[in-house]
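Chemist:
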Amino acid sequence: MTRPLSIGVAGLGTVGAGVLKLLSDNAALIAARAGRPIIVTAVAARDRARDRGVPLEGLRWHTDAVMLAHDPDVDVVVELVGGSNGPAKALVEAALAAGKPVVTANKALMAVHGAVLAKQAEAAGVTLAFEAAVAGGIPAIKGLREGLAANRILRVVGILNGTCNYILTCMRDQGREFADVLAEAQALGYAEADPSFDIDGVDAAHKLAILAALAFGRPVDFDALYVEGIRNITALDIKLAEELGYRIKLLGIAAAVEGGISTRVHPCMVPVSHPIAVVDGVYNAVVAEGDFAGRVVLEGRGAGAGPTASAVVADLIDIARGRSTPVWGAGTADLARIPNVPMEQHRGAYYLRLMVLDRPGVLADVTGVLRDHAISLESMIQRGRAPGEAVPIVLTTHECQEAAMRAALTRIAALASVLEPPAMIRIETL
Ligand SMILES: NC(=O)c1ccc[n+]([C@@H]2O[C@H](COP(=O)([O-])OP(=O)(O)OC[C@H]3O[C@@H](n4cnc5c(N)ncnc54)[C@H](OP(=O)(O)O)[C@@H]3O)[C@@H](O)[C@H]2O)c1
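Going by this note's numbering, the first residue of the sequence shown is number 26, and it counts up by one from there.
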């Protein structure tokens with residue numbers, strides 16, 4: 026067997042400790058698959074006294090993560106600190122500048138700075154690998170970039186945030202409201218103390234930006250995404266969706282559409298018959314549609330020490346074997362400048378729920394506004410009668426343009442008989 030591959034691991038939290046454990050527990054099979062042992066020689070974290078649950082004896086300890094890039098006993102730098110800037114970015118830049126391959130699980134870094142970092146890796150002639158950055162243990166990046174490399178990808182759809190999927194699943198199964206389930210998820214450690222990155226869709230958007238770049242062979246562009254989270258989803262909408270034959274999921278969707286690529290993260294109603302509708306709890310899924318392969322569905326654990334370490338070590342085995350792929354699937358000079366189609370131009374069907382005063386003429390007012398904006402109705406449900414009181418009206422529309430829908434909603438919200446801001450959820454037939 027040839028010389029071991031020596032790695033330096035920055036960050037010894039959930040993922041970092043998981044990587045050390047996996048490299049130790051499966052050392053023999055990893056060495057066989059990598060063609061040589063993969064050994065940790067140095068680590069970096071802040072608190073030296075903390076018990077990480079893994080032995081650290083004999084490893085060089087750096088309090089400044091960037092020092093791993095300059096450690097002569099480190100062949101490959103593994104960045105598991107997190108954050109799009111700060112020490113993570115400084116370390117990755119320093120490692121690439123030093124000509125060392127990098128493995129990272131950092132979706133924020135790759136989504137925001139991935140285009141520049143890819144150029145830097147290419148110029149240095151070293152690998153920058155990030156399988157763990159999207160959907161944890163699911164080999165979504167290899168699946169798209171290598172497995173489906175011969176296909177023109179038409180669309181990628183993903184459940185990319187386990188916290189949101191868990192919350193929506195609990196809301197559906199237990200008929201509970203968002204705030205209540207979120208508080209419980211925080212108490213159980215499934216949601217962060219500051220949950221905004223997850224529930225406002227930012228984390229899913231980081232991952233979708235990465236998938237979109239790989240699927241469509243264009244530079245990663247996080248700012249181009251439309252992003253909406255799940256804060257406004259109610260138990261009532263989830264129940265009404267079920268009655269209409271849909272499930273509500275927070276999806277990331279990147280699709281080839283007229284005029285370019287549309288990239289968006291928002292709650293969607295998906296038909297219960299679609300494979301993504303039954304991906305529940307903390308599970309993630311990525312569905313890719315290739316022109317020759319057809320639909321490919323990947324499902325698995327999107328986070329946690331084991332699944333994420335599995336993806337990190339898969340990248341390390343590639344590096345040990347000398348298997349290398351351009352960061353974004355093609356060289357940076359060969360990436361296409363495909364325009365992003367703004368959300369206002371999105372075309373789709375919509376679910377609307379209005380809380381209205383039960384009195385004559387209300388429906389005519391609402392449908393009149395929709396007619397003015399050339400939006401045609403597919404169905405309409407009004408439940409119960411409570412003259413003079415609030416009742417829900419549920420409308421679903423045929424395909425129309427987002428800009429028209431937004432203009433109509435502004436007018437509907439201003440009607441005297443409409444008592445709450447309307448709930449609007451996009452219907453995806455997929
Ligand atoms: N957790 C998951 O399930 C998961 C899944 C997929 C991807 N990821 C990504 O993996 C990365 C790590 O996530 P995690 O959950 O393992 O995070 P974490 O548990 O918060 O661990 C972060 C680690 O980074 C260390 N650190 C922070 N600032 C540092 C600095 N200035 N210098 C040196 N070390 C520093 C911390 O040191 P101390 O321990 O001493 O404080 C800690 O060990 C992130 O990019 C995350 O997005 C995580």
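We put the CB at the ideal spot given by N, CA and C, even for glycine.
Restricting to Cα atoms, I'd like to know which of V304, A56, P412 and G33 is closest to N186.
Modeler: V304
Chemist: Rounded to a whole number of angstroms, what is the C-alpha to C-alpha distance between A67 and A120?
Modeler: 14 Å
Chemist: Using only the alpha-carbon positions, how far apart do I192 and L276 sit?
Modeler: 14 Å
Chemist: Regarding P112 and ligand 1, is the C-beta to nearest heavy atom distance less than 6 Å?
Modeler: yes
Chemist: Among T27, I452, V79 and H423, which residue has its Cα nearest to the Cα of L48?
Modeler: V79
Chemist: Give a single yes or no on whether D340 has its beta carbon closer than 6 Å to a heavy atom of ligand 1.
Modeler: no
Chemist: Which whole-angstrom value is the C-beta distance of I258 and F203, which I expect to be below 8 Å?
Modeler: 6 Å
Chemist: Measuring CB to CB, does A432 end up less than 7 Å from H398?
Modeler: yes
Chemist: At a cut-off of 6 Å, would you count R71 as near ligand 1, judging by its Cβ distance to the nearest heavy atom?
Modeler: yes
Chemist: Would you tell me roughly how many angstroms separate the C-alpha atoms of S298 and D343, rounded to the nearest one?
Modeler: 37 Å
Chemist: Quick one: which unbroken beta strand (DSSP E) runs of 3-plus residues sit fully inside the region 345-399? Chain order, please.
Modeler: 372-382
Chemist: Within a Cβ cutoff of 8 Å, which residues of the same chain sit near A59, ignoring the five residues on either side of it in sequence?
Modeler: L30, L341, I342, A345 and R346
Chemist: Got a sec, what are the start and stop residues for the alpha helix (DSSP H) Y191 sits in?
Modeler: G187 to Q199
Chemist: Is the closest heavy atom of ligand 1 to the C-beta of V106 under 6 Å?
Modeler: The answer is yes for V106.
Chemist: Identify every residue that forms a DSSP beta bridge with E267.
Modeler: Within the DSSP bridge table, the entry for E267 names no partner.
Chemist: Checking contacts by CB at 7 Å: is L81 closer than that to chain D?
Modeler: Although the question refers to chain D, the structure presented lacks it and comprises just one protein chain.
Chemist: What's the gap between the Cα of L116 and the Cα of L37?
Modeler: 15 Å
Chemist: So what does Q211 bridge to, in DSSP terms?
Modeler: Partner(s): none; Q211 has no beta bridge.
Chemist: Below 8 Å, can you find three or more Cβ-Cβ pairs linking the region 236-251 to the region 322-329?
Modeler: no
Chemist: Can you list, in chain order, the residues of its chain with a C-beta nearer than 7 Å to that of G270? Leave out the 5 residues immediately preceding and following it.
Modeler: Counting only Cβ-Cβ distances below 7 Å, and skipping sequence neighbours, we find P296 and V297.
Chemist: If distances are taken between C-alpha atoms only, which option among Q370, P97, A157 and I63 comes closest to V106?
Modeler: Taking V106 as reference, the option from Q370, P97, A157 and I63 with the minimal CA-CA separation is A157.
Chemist: When you compare only the Cα positions, how much space is there between M380 and R320?
Modeler: The alpha-carbon of M380 is positioned some 39 Å away from that of R320.
Chemist: Assuming A229 contacts V181 under a Cβ cut-off of 8 Å, what Cβ separation, rounded to an integer in Å, is found between them?
Modeler: The Cβ separation is near 12 Å, so there is no contact.
Chemist: List in chain order: all unbroken alpha helix (DSSP H) runs of 4+ residues lying wholly within the region 238-308.
Modeler: 260-269
Chemist: Whose CA, out of V91, T39 and D98, lies closest to the CA of R75?
Modeler: Residue nearest to R75 within the set V91, T39 and D98 is T39 (criterion: CA-CA distance).
Chemist: CB A389 to CB T422, shorter than 7 Å?
Modeler: no
Chemist: If I255 and P220 are in contact, beta carbons under 8 Å, what's the gap, nearest whole angstrom?
Modeler: With 8 Å as the limit, I255 and P220 do not qualify as a contact, their Cβ atoms being about 10 Å apart.
Chemist: Return yes when at least one heavy atom of ligand 1 lies under 6 Å from the C-beta of A328, else no.
Modeler: The answer is yes for A328.
Chemist: What residues match up with T129 in a beta bridge as DSSP calls it?
Modeler: BP columns for T129 point to E104.
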